[in-house]
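Visitor: Throughout, the numbering used here is defined as the position within the sequence shown, counted from one, plus 1. This structure is in structure tokens; I'll ask about it shortly.
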Amino acid sequence: MKQQRLPQSFVETIKKVTAKRPKTVIDHILKHGYITTQELKDQYGYNHPPRAARDVREQGIPLETFRVEGTDGRQIGAYRFGNPAKARFSKLQGRTVFSRDLRQKLIDKDGCRCAIYMEDFPERELQIDHRIPFEVAGGHADTDERPEDFMLLSGSANRAKSWSCKHCVNWQDLKKPDVCRECYWTYPENYTHVAMQPVRRIDIMWTEDDVKIYDELKKHSDKLQKNMPTFVKDMIKEHVGKDCP
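Written as structure tokens, this is what we have:
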């Protein structure tokens, strides 16, 4: 693949990034022209390539996603720099490491609890995430590290949010913070849409003694040849009464 011709000022600026994960992606693309999801996993040990790419974008550096042929002949994802003119260095100073003080304020406020699953997790398993994505909120997103602008998420919840936000029209084009404020992924306790779709969702995690309850429910759903979501919805309808449509 032909090496990208990049403005020297652009190259000099992106070389100033020091955070490990985005720097790894940046350095590799500068040297090879692009980086594949396979290289991110096999060469650098990043099991969630979109997260690594997001870290670069949070620095204000545009990335394009495209497809290349992997070592096994299949098409895989790859990343290269986007249009340098769209870089937003002054607006997006992405931060991959938040202060200990911010983490403690969030724990004091909500406990060691995932804001999506509403379940307690060991502190080491919780990640700080912007309620409104960096790509939408811009440079004012975390200037003062205000706790109300952030949430604690488990790894799986953070990945689910990241995927959904990345495929949302507001994330891709509109960039309207007010749209995010009405979204499930920003305020799961009070929302009107999920990534601009007119749907509702509940993410339930079964832990500790509740696992036994889940296993029993699964046995009943299998017996009735229903998947678990349908089975649980039917149980709720039966419980709340005939007035539930």
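Glycine residues also receive a C-beta, built at the ideal position from the N, C-alpha and C atoms.
Report all residues from its chain with a CB closer than 7 Å to the CB of Ala142; omit the five preceding and five following residues, and keep chain order.
Guide: Residue confidence is low: Ala142 scores 46 on pLDDT, short of 50, so the model does not pin down where it sits. Its coordinate-derived value is still stated next. Correct list, in chain order: His131, Ile133, Phe135 and Asp150.
Visitor: Expressed to the nearest angstrom, what Euclidean distance is found between the alpha-carbon atoms of Thr144 and Tyr192?
Guide: Residue placement at Thr144 is poorly supported in this model, since its pLDDT is 47, which falls under 50; the coordinates are not used for a value here.
Visitor: Is the stretch 100-118 close to the stretch 151-163, with three or more CB pairs under 8 Å?
Guide: With the cut-off at 8 Å, the stretch 100-118 and the stretch 151-163 touch.
Visitor: Measure the alpha-carbon distance for Lys227 versus His221 and round it to whole angstroms.
Guide: Cα-Cα distance, rounded: 9 Å.
Visitor: Report the three-state DSSP secondary structure of Cys115 (helix, strand or coil).
Guide: Of the three classes helix, strand and coil, the one that applies to Cys115 here is coil, per DSSP.
Visitor: Out of Thr208, Asp223 and Thr14, which has the shortest C-alpha to C-alpha gap to Asp121?
Guide: Asp121 has its Cα closest to that of Thr208, out of Thr208, Asp223 and Thr14.
Visitor: By how many angstroms is the C-alpha of Arg55 removed from the C-alpha of Lys176?
Guide: Spanning the two alpha carbons is a distance of roughly 16 Å.
Visitor: Based on DSSP bridge pairs, tell me the residues matched to Gly78.
Guide: Its beta-bridge partners are Arg68.
Visitor: With a cut-off of 8 Å on the beta carbons, I'd call Gly8 and Pro85 a contact; round off their distance for me.
Guide: Looking at the sequence provided, one finds Pro at residue 8 rather than Gly. So it is a contact: roughly 5 Å between Cβ atoms.
Visitor: Look at the alpha carbon of Gly34 and the alpha carbon of Trp164, and state the distance between them as a whole number of angstroms.
Guide: Computed Cα separation, rounded: 25 Å.
Visitor: So, using beta-carbon positions, are Arg160 and Tyr185 closer together than 8 Å?
Guide: Not a contact, by the Cβ cut-off of 8 Å.
Visitor: Measuring straight from C-alpha to C-alpha, what distance separates Pro51 and Glu40?
Guide: Their Cα atoms are separated by approximately 13 Å.
Visitor: Excluding the five sequence neighbours on either side, which residues of its own chain have a C-beta within less than 8 Å of the C-beta of Ile77, listed in chain order?
Guide: Thr37, Thr38, Gln39, Arg68, Val69, Glu70 and Gly71.
Visitor: Along the chain, where does the beta strand (DSSP E) containing Asp130 start, and where does it finish?
Guide: That run of the beta strand (DSSP E) goes Leu127 to His131.
Visitor: Tell me the residue span of the beta strand (DSSP E) that contains Phe267.
Guide: Outside the shown range of the chain, which is 2 to 246, sits residue 267, and nothing can be said about it.
Visitor: Using the Cα positions of Lys238 and Tyr45, report the straight-line distance between them to the nearest angstrom.
Guide: If you take the alpha carbons of Lys238 and Tyr45, they lie about 48 Å apart.
Visitor: Could you check what DSSP says for Cys169 in three-state terms: helix, strand or coil?
Guide: Coil, per DSSP.
Visitor: Can you tell me whether DSSP reads Ile36 as helix, strand or coil?
Guide: In the structure shown, Ile36 sits in a strand (DSSP, three-state: E or B).
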